[in-house]
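Working notes, beginning with the structure itself.
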Amino acid sequence: MKPCHTFQEMRNSKFTPDEITVRCLLCAFTSSNSYCQGKQVHSYVLKKGFISEVSVCNTLLTMYAKCSDLSDVFDIFEEMEGIMDLVSWNATMTACLKHNHNNVFGLLRMMHCFDHEPDHVTLTNVLGACAVVPSLDKGYQVHCFALKTGLETEASVMNGLIDMYTKCGVLINAHKLFDSFSDPDVVSWSSLIVGYAQFGYGKEALELFQTMRNRGVKPNHVTFVGVLSACSRVGLVDEGLHYYSMMETEYGILPTREHCSCVVDLLARSGRLKEAVSFINQMPYDPDIVVWNTVLAACKTHQNAEIGRHAAESVLRLDPSNSSAHVLLCNIYASTGNWEDVARLRKLMRSTGVRKAPGQSWIEVKDGVHVFSVEDRSHPQMDEIYMVLGDLSLEMMEAGYVPYGGFDSFEVVPS
DNA sequence: CTTGGCAACC
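In structure tokens, the structure reads:
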């Protein structure tokens, strides 16, 4: 029986729907992602005057956050002045975080002005926002607040802190916090494993995975993404393939698209390019741009023109304006002396106006964000920055560092 | 019967 039919039947009966009925309906439409039906309930809510009920508004906020965009969420939120409670603030923050809107900190300041005290849901959201920037400065402030209020003991806050420190690259803090946690769950373990894997500590990640299993915590699909990428980073290809099959046979977890991408990365990065392509051909998903880009990058490293050409052409079929695939394909044609195709591709790029998007990086210093892009020398302290950069580059080379892609792509001073 | 299925490949 569908919720809308039950609702219709109820309206024809002697029972009158109340705000609880409405909330249940909204929950149902939120989980089935039914925007149109959710909107109809919204109209009903307005007609029957339930809009003055704060819990109904909160459920509306959640429904729009899941089924629509932020403008619908803010429309409701702005109409709620005077009746909003802690849940309203939290639901709106969750919506901002979900839609990558950078207003979580603004909402935190606003809720403070409205005399609402943050709870563990608020802190979990704010920590999530610290992790995406990422901002260690703000993260430390939230950590202090969590200690002061005792919210640190809350599992979601603890996991949020572990994830925040991981994303900020301070694995020591993440691990310390993890050790102080009496009862780490699958999320805590996975955050740490993924963190170690991402920063290149594959061995440590795999050791953590082993300890986790020994302690009887059941890994899930996210844990395995971490495990597979850990294997990929340190070149443990056969171990990675072993974990990939273990995932299904021992834990009954069916591989998602992410797991398949990890296996492609695992094979391609180590130079087993043919196997990577045959894995792509037999995996249960249509290959997307991510997997072909992975293969393409690996072909560049391992100097494989034949598969590289296939990968680049596949990327361009899915995204005809992909500039880096154009450039790499050009290089592949050139490396095999295929000058006709080089000329053809260069002409095509000029006529379609495909240009390489400039790379950007940024760093947060105190309360300002400093942005840098290629060949941009507009920063007021540029001379000092390049002096330090030059020293660092020398030190790195003396230590034996060879940049990815070789020295020809390594520029100390822009031309 | 109102906020959280938190953590994820390049």
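Numbering (our numbering), first residue to last: 3 to 417.
For glycine and all other residues, C-beta sits at the position ideal for the given N, C-alpha and C.
#1: If you draw a straight line from the alpha carbon of D117 to that of F147, how long is it in whole angstroms?
#2: Keeping to the same chain, check which residues put their C-beta closer than 6 angstroms to that of D321; ignore five residues upstream and five downstream.
#3: Which residues in the same chain have their Cβ closer than 6 angstroms to the Cβ of E21, if we skip the five residues on either side of it in sequence?
#4: So what's Q212 in DSSP terms, helix, strand or just coil?
#5: Take the Cβ of S202 as the centre, count every other Cβ of all protein chains shown within 10 Å, and call the residue buried at 16 or more, exposed below.
#6: Starting from Q42, follow the alpha helix (DSSP H) in both directions and report where the run begins and ends.
#7: Give me whichever residues DSSP pairs with V367 in a beta bridge.
#8: Could you tell me which of S363, Y37 and L194 sits nearest to A176, measuring between CA atoms?
#9: Looking at the structure shown, is Q362 part of a helix, part of a strand, or coil, going by DSSP?
#10: Would you be able to state if there are at least three C-beta pairs under 8 angstroms between the stretch 86 to 102 and the stretch 65 to 73?
#11: So what does DSSP say about S375, is it helix, strand or coil?
#12: Where does E55 fall in DSSP's three states?
#13: Could you check where the alpha helix (DSSP H) with K16 kicks off and where it finishes?
#14: To test your reading of the DSSP string, which unbroken alpha helix (DSSP H) runs of 4 or more residues are found completely within the stretch 230 to 265?
#15: Which full runs of the alpha helix (DSSP H) of 4+ residues lie inside the stretch 150 to 215, going along the chain?
#16: Determine whether the beta carbon atoms of V144 and L173 lie at a separation below 8 angstroms.
#17: Find the nearest neighbour of W294 within the set Y246, A327, Q362 and E83, judged by alpha-carbon distance.
#18: CA-CA distance, H223 and A232?
#19: Note the first and the last residue of the continuous alpha helix (DSSP H) segment covering S395.
#20: Buried or exposed: which applies to R348, given that a residue is buried once 16 or more other Cβ atoms fall within 10 Å of its Cβ?
#21: In whole angstroms, what separates the C-alpha of M398 from that of F374?
#22: Note the first and the last residue of the continuous alpha helix (DSSP H) segment covering V344.
#23: Cα separation between K140 and F281?
#24: Which value, in whole angstroms, describes the spacing of the CA atoms of V414 and L396?
#25: Which residues in the same chain as F409 place their Cβ atom closer than 8 angstroms to its Cβ, once the five residues preceding and following it in sequence are excluded?
#26: So, at 6 angstroms on beta carbons, what are the nonlocal neighbours of V196 in its own chain, with the 5 sequence-adjacent residues on each side left out?
#27: With a 10 Å radius around its C-beta and 16 neighbouring C-beta atoms as the bar for buried, classify A382 as buried or exposed.
#28: Please look up how many angstroms separate the CB atoms of L129 and A93, rounded, as I've assumed it's under 8 angstroms.
#29: Here's the rule: buried if 16 or more other CB atoms are within 10 angstroms of the residue's CB, otherwise exposed. What is G310?
A quick look at the data gives this:
#1: As a first step, residue 117 is located in the first sequence; it is residue number 115 there, counting from the start. As a first step, residue 147 is located in the first sequence; it is residue number 145 there, counting from the start. Going from the Cα of D117 to the Cα of F147 covers about 16 angstroms.
#2: As a working note, residue 321 is residue 319 in the first sequence. Correct list, in chain order: I291.
#3: Numbered from 1 along the first sequence, position 19 holds the residue referred to as residue 21. Cβ neighbours of E21 beyond the five flanking positions: F52, E55 and V58.
#4: For the purposes of this step, residue 212 is taken as the residue at position 210 of the first sequence. Helix.
#5: Reading the first sequence from its first residue, position 200 is the one you call residue 202. Residue 202 is actually Gly in this sequence, not Ser. The residue in question, G202, is exposed, as its Cβ has fewer than 16 Cβ neighbours within 10 Å.
#6: Taking the first residue of the first sequence as position 1, residue 42 is located at position 40. Here the alpha helix (DSSP H) through Q42 covers Y37 to K50.
#7: In the first sequence, residue 367 corresponds to position 365, counting from 1. Answer is G370.
#8: As a working note, residue 176 is residue 174 in the first sequence. Comparing Cα-Cα distances from A176 to each of S363, Y37 and L194, the minimum goes to L194.
#9: Counting from 1 along the first sequence, the entry for residue 362 is found at position 360. Strand.
#10: yes
#11: Looking up residue 375 in the first sequence gives position 373. In the structure shown, S375 sits in a strand (DSSP, three-state: E or B).
#12: Numbered from its first residue, the first sequence carries residue 55 at position 53. Coil at E55, not helix or strand.
#13: Translated into the one-based positions of the first sequence, residue 16 becomes position 14. Taken as a continuous stretch (DSSP letters only), K16 belongs to no alpha helix (DSSP H), as it is neither H nor E.
#14: 239 to 253
#15: 157 to 169, 173 to 182 and 188 to 200
#16: Counting from 1 along the first sequence, the entry for residue 144 is found at position 142. Counting from 1 along the first sequence, the entry for residue 173 is found at position 171. No, the Cβ-Cβ distance between V144 and L173 is not below 8 angstroms.
#17: Taking the first residue of the first sequence as 1, we reach residue 294 at position 292. Minimum Cα distance to W294 is reached at A327.
#18: Reading the first sequence from its first residue, position 221 is the one you call residue 223. Reading the first sequence from its first residue, position 230 is the one you call residue 232. So the two alpha carbons sit approximately 14 angstroms from each other.
#19: In the first sequence, counting from the first residue as 1, residue 395 sits at position 393. Here the alpha helix (DSSP H) through S395 covers M384 to E400.
#20: The residue given as residue 348 occupies position 346 in the first sequence. Label assigned to R348: exposed.
#21: Reading the first sequence from its first residue, position 396 is the one you call residue 398. Reading the first sequence from its first residue, position 372 is the one you call residue 374. If I take the Cα positions, the gap works out to 21 angstroms.
#22: As a first step, residue 344 must be located in the first sequence, where it is residue number 342. That run of the alpha helix (DSSP H) goes W341 to T354.
#23: Here residue 140 refers to the residue found at position 138 when the first sequence is read from its first residue. Here residue 281 refers to the residue found at position 279 when the first sequence is read from its first residue. Approximately 43 angstroms, taken between the alpha carbons.
#24: Mapped onto the first sequence, residue 414 falls at position 412. Mapped onto the first sequence, residue 396 falls at position 394. Any reading at V414 is ruled out, since the residue's pLDDT is 34, under 50, leaving its predicted position unreliable.
#25: Position 407 of the first sequence, counted from the start, is the residue given in the question as residue 409. Confidence at F409 is low in this model, with a pLDDT of 40, below 50, so its placement is unreliable and the value that follows should be read with caution. Cβ neighbours of F409 beyond the five flanking positions: none.
#26: Looking up residue 196 in the first sequence gives position 194. Taken in chain order, the residues that qualify are G228.
#27: For the purposes of this step, residue 382 is identified with residue 380 of the first sequence, where counting begins at 1. Reading off the sequence shown, one finds Pro at residue 382, where the question assumed Ala. Under this definition P382 is an exposed residue.
#28: For the purposes of this step, residue 129 is taken as residue 127 along the first sequence, with counting starting at 1. For the purposes of this step, residue 93 is taken as residue 91 along the first sequence, with counting starting at 1. In fact, because the Cβ distance is near 17 angstroms, the residues do not count as touching under 8 angstroms.
#29: In the first sequence, the residue the question calls residue 310 occupies position 308. G310 is buried by the Cβ-count criterion.
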